[in-house]
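Step one of this worksheet: look at the structure below.
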Amino acid sequence: MIVHLGATRSNNALRGCAIKVTIGGTDYWAGITSNTADKLFLAPALGATPVADTSTYIVTDFSIVGTTLAATPLGQGVRADNTTESGNVNMGAKLGYVYNQIDTKKFNSISLADEDAGCNAGDVIKINAQDELALGTVGAAITDLGVAIQLDVDEASISANHQYEGMYLVMINGTNINKHYLIIDSAEGATDTITILKDDTTGFTANTDTFKIVDRVYDEKYDNNANARLTKSGTTNANITWDIVNTVILDALNTQYYNLSAQAGLTGVKFTDTAIFNNYITSIMGGEASTSHYSGYYRWGSETITAAASGNWSAGATWLNNTVPVEGQVVVVPNGVTVTIDAPAVTIGDGSVTPAITIDAGGTLQIETTELENRVITSKGDIVVNGTLKLRASSDPLYSTTLQFDCASNGQFGLIVNATGFLDVLGTSAADRDVIITSVTKDNAHNAYILCGDNSETKIKFADIGYMGLNAVDKYGVSVRAVNNTAAGEYFLLEYSKIHHCYNAIHMFGTKNSIIMNSELNNNSSWAIYLTNGTTSQNMLLFNSIYSNAGGIEVGDTLREVVKGNLLYGNAGTAIEGGMYSDDCLYLNNTIISNGLSIFISNATIDNAMIRNNIFSSNTLGIDNRGTNTTIDRNLFFGQAAQGTNSSVSDPLIVSTDPANVNFLRVGADSPALGAGVKLVDGTTVPGTINMGGRLSYVKNITDNIVYNSLQLSEDAAGLSAGDTVTAYTVDEVSDAIQGNVTATGSVCVTFDVSEATITAN
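So, in structure tokens, the structure goes:
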């Protein structure tokens, strides 16, 4: 036994190695049978007794030192057919051949290649084996010989006796796929046979199973933990890449916990998953867990591909090192660079917390629109917009652009627009809505989300957004936080779009002067629109179709919101709720049919709400007003009691309750809602062409004296005939000339002075 005080080796880490002890100038060799942290147990006994503090020793496993030189046993051996190609067969007992192709350096093991001082970021290291036979087939006879089995094989597999002894038969299909067996005999005869070390025939199938023959197995041992340990990190822009050549098997021999163990803090490394990992006790990988497994690699940390110049996504020249990004990598579009996605399908991201795409301030990612094809961008990670993300569909409306998030759990990934970011979404038309933002798995358990963050800019038009959000802060669906449309460089505008199967379609927090209009919000599991926080104010919710949600519109702790012209149908809960402190809000010209509670002004902290020119029909409950100074005036009720002043009960003659119908919640000819509303400026009924409800069109066949809710309904009327005069009306509330001080207020608003008489109240 040799004692090395202060040593900290793992128990039995050196078992099986050789030791050379130099005593008084003479070398003595022995084997290490076991070890503890500071003791080595040897056999046979040394020929002399070591002298404390004087004798020296070295331990070796007889691996060959890594080298770039040709004069080395590494790669200089011959194959079974006596050829030297492909130069990856060694001389000597250690068969491992690992090649760092960047450093052009050869090693005898995986760990030696990893621990080499020259192993650096960007290196590509290839673990080699030699496939001596690419494909063979098990024949008719499978014979149990006790400790071995003999397999008949196809005639082409063996060309000479004893051709493959000491090599390995690897099953490539069947029950025993990827298992390997030591070949102890191979015989050429009338029926060729291979005998392998296996004590039973379980799992082998005659005339069906196929196999290959490999010259080596990597069963090296890095202490008692794993076959090999990865210790060297790369960087996000230059990973260390571990690949294989031919069929590489890592075998833990049922004595080691893992095939690979990663050192704590390992990052910037990817290791191929095409190697065969066998006979581990616990799992393939140990130590630092890989952060992702994509595109054929286990990955520690992310592999970042950065755009180097403006150009198409699919062009190598667009990217550093001419590396076109693929699944498992992440992308950065830097300042001053515009990248155009020109491929029909792009998958990007590694499924980790590292964003799949980061667009830096001043950078732009956009969609190529001239090709007549669909485009699908699949993101396996967040998309972070600090610059511009411009989503467009093909110039031909037959094709669409889809951005979809592949989430393993609800709210895992999102589209995040930050303070310097601009999300610019524009489809072809309201009918097409051919820019689609969604999740890959559409079950509301794998939703992504959109967050328009503080001071960001977002414009969404002619889009379809679905399967977004959950009940979590800033992940509600399309969340808008602290955006002010009247401040430079920030706004939120949504129009002519559809948002469906989300948690909240729109959730606003601390947002001012935003506009949500002419959009369809349906089948959302909570509210269609949810406004909250005391700094949220003066948002415009106009002419939206809101149906089949848990709730319609929640206006809570906000000021001076305008809720006008909306069609609310079939929402299970409250159609419109004014939450606490929601002062001076206007609820005007909405059609509210077949919901739960019609309108709920929830408590006395709410001051000066106005409910006017609305239609209420067949709701479970009417208006529940608990506010202060609430005006309920000039509303039409049907199937529920009238409330407020100047209200009436009458059938509004709804044409259709089908949201897909162009006449959804329009009223029929001569409906009592037509012309029964009041002007919003002064509350007067003059000129008698202002409707109740969300459909504002007033069209009159003067000849027949019949009023309609649209030009199309008047044209489709059976009574329309030659000579009829049909007039469409609007109301000029005021007229004036711009008085001066025309000022751009933010990115989408303009402010100018008007005459004193034009505005009489806020």
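When we follow the working numbering, the leftmost residue of the sequence shown carries the number 1063, and every step to the right adds one.
Where is the CB? At the ideal position from N, CA and C, for every residue including glycine.
Judging by CA-CA distance, which residue of the options is the nearest neighbour of residue i?
i	options	result
Val1232	Asp1254, Gln1225 and Thr1199	Thr1199
Arg1696	Gly1706, Gln1702 and Gly1689	Gly1706
Gly1398	Gly1739, Val1151, Ser1372 and Thr1293	Ser1372
Tyr1791	Thr1813, Val1113, Gly1208 and Gly1737	Gly1737
Val1545	Val1279, His1569, Ile1245 and Thr1692	His1569
Ala1175	Trp1589, His1508, Ala1218 and Trp1304	Trp1304
Ala1300	Leu1197, Gly1184 and Ile1512	Gly1184
Ile1306	Met1642, Glu1582 and Val1160	Val1160
Met1649	Gly1086, Asn1675, Thr1205 and Asp1412	Checking the displayed sequence, the identity of residue 1649 turns out to be Tyr instead of Met. Of Gly1086, Asn1675, Thr1205 and Asp1412, the residue nearest in Cα terms is Asn1675.
Asp1713	Ser1679, Asn1691, Asp1720 and Pro1749	Ser1679
Arg1454	Val1386, Ala1481, Gly1424 and Arg1495	Arg1495
Lys1260	Asn1269, Thr1267, Ile1245 and Ala1268	Ile1245
Ile1461	Glu1433, Asp1468, Gly1476 and Gly1449	Note on residue identity: the sequence assigns Tyr, not Ile, to residue 1461. Taking only the C-alpha atoms, the option nearest Tyr1461 is Glu1433.
Ile1800	Val1793, Ile1338 and Ile1821	Ile1821
Gly1614	Leu1698, Ala1423 and Asn1633	Asn1633
Leu1583	Met1602, Thr1573, Leu1593 and Ser1610	Ser1610
Ala1612	His1562, Thr1503, Lys1762 and Val1624	His1562
Ser1456	Gln1428, Asn1448 and Asn1708	Gln1428
Lys1774	Tyr1760, Gly1785 and Ala1784	In the sequence under discussion, the amino acid at residue 1774 is Gln, which differs from the Lys named in the question. Answer by Cα proximity: Tyr1760.
Phe1814	Asn1803, Ala1823 and Asn1824	Asn1803
Pro1417	Gly1201, Thr1366 and His1066	Thr1366
Gly1078	Pro1106, Gly1087, Thr1070 and Leu1067	Pro1106
Asn1289	Thr1297, Ser1295, Thr1298 and Leu1312	Leu1312
Gly1363	Pro1396, Met1347, Thr1329 and Gly1348	Thr1329
Met1530	Gly1265, Asp1178 and Leu1477	Leu1477
Please check the pair residue i and residue j, which I expect to be a contact at CB under 8 Å, by giving their CB distance rounded to whole angstroms.
i	j	result
Asn1651	Gly1756	6 Å
Ser1491	Phe1524	6 Å
Ile1220	Tyr1243	With a Cβ gap of about 16 Å, Ile1220 and Tyr1243 do not count as contacting.
Glu1430	Ile1410	With a Cβ gap of about 16 Å, Glu1430 and Ile1410 do not count as contacting.
Leu1604	Thr1636	Not really, about 20 Å apart at Cβ, beyond 8 Å.
Asn1436	Pro1406	6 Å
Thr1400	Thr1426	4 Å
Ala1203	Ala1268	7 Å
Which residues does DSSP pair with residue i in a beta bridge?
i	result
Leu1630	Ile1608 and Ile1654
Ala1407	Val1438
Asp1815	Gly1802
Tyr1770	Val1761
Gly1528	His1562
Phe1333	Trp1304 and Tyr1360
Glu1616	Tyr1592 and Glu1639
Leu1683	Leu1659
His1242	Val1232
Asp1143	According to DSSP, which records beta bridges pairwise, Asp1143 is partnered with nothing at all.
Under DSSP, the alpha helix (DSSP H) around residue i begins and ends at which residues?
i	result
Glu1282	No alpha helix (DSSP H) holds Glu1282; DSSP gives it neither H nor E.
Glu1177	Ile1172 to Glu1177
Along the chain, where does the beta strand (DSSP E) that runs through residue i open and close?
i	result
Arg1291	Ala1288 to Leu1292
Met1347	Met1347 to Gly1349
Gln1391	That residue, Gln1391, is in no beta strand (DSSP E); it is neither H nor E in DSSP.
Leu1556	Tyr1553 to Glu1557
Met1153	Where Met1153 is concerned, there is no enclosing beta strand (DSSP E), given that its DSSP letter is neither H nor E.
Asp1089	Thr1088 to Asn1097
Val1232	Tyr1230 to Met1233
Val1121	Thr1118 to Thr1122
Asn1190	Val1186 to Asn1190
Asp1214	Ile1211 to Val1215
Asp1206	Asp1193 to Asp1206
Val1545	No beta strand (DSSP E) holds Val1545; DSSP gives it neither H nor E.
Lys1082	Ala1080 to Ile1085
Asn1340	Ile1338 to Asn1340
Asn1584	Glu1582 to Asn1584
Is there a Cβ of chain D sitting closer than 9 Å to that of residue i, yes or no?
i	result
Ala1290	Here chain D cannot be found, since the structure has a single protein chain.
Next item on the list: Kindly confirm or deny that the stretch 1337 to 1355 and the stretch 1315 to 1328 touch, where touching means at least three C-beta pairs closer than 8 Å.
Entry: yes
Notebook entry, point to check: Per the contact definition of three or more C-beta pairs closer than 8 Å, is the stretch 1541 to 1555 in contact with the stretch 1506 to 1521?
Noted result: yes
Check: Touching or not, the stretch 1266 to 1282 and the stretch 1203 to 1217, by the rule of three or more beta carbon pairs under 8 Å?
Finding: yes
Next item on the list: Give a yes or no on contact between the stretch 1280 to 1288 and the stretch 1248 to 1264, applying the rule of three or more CB pairs nearer than 8 Å.
Entry: no
Next item on the list: Please confirm if the stretch 1805 to 1814 is in contact with the stretch 1761 to 1773, defined as three or more CB-CB distances below 8 Å between the two stretches.
Entry: no
Next item on the list: Tell me, please, whether the stretch 1085 to 1100 touches the stretch 1137 to 1144 by the rule of three or more beta-carbon pairs shorter than 8 Å.
Entry: no
Next item on the list: Report yes or no: do the stretch 1531 to 1545 and the stretch 1509 to 1516 share at least 3 C-beta pairs separated by less than 8 Å?
Entry: yes
Next item on the list: Report yes or no: do the stretch 1189 to 1197 and the stretch 1107 to 1127 share at least 3 C-beta pairs separated by less than 8 Å?
Entry: no
Notebook entry, point to check: Okay, do the stretch 1710 to 1726 and the stretch 1744 to 1751 touch, 3+ Cβ pairs below 8 Å being the bar?
Noted result: no
Notebook entry, point to check: If you pair each beta-carbon of the stretch 1621 to 1628 with each one of the stretch 1728 to 1735, do three or more pairs fall below 8 Å?
Noted result: no
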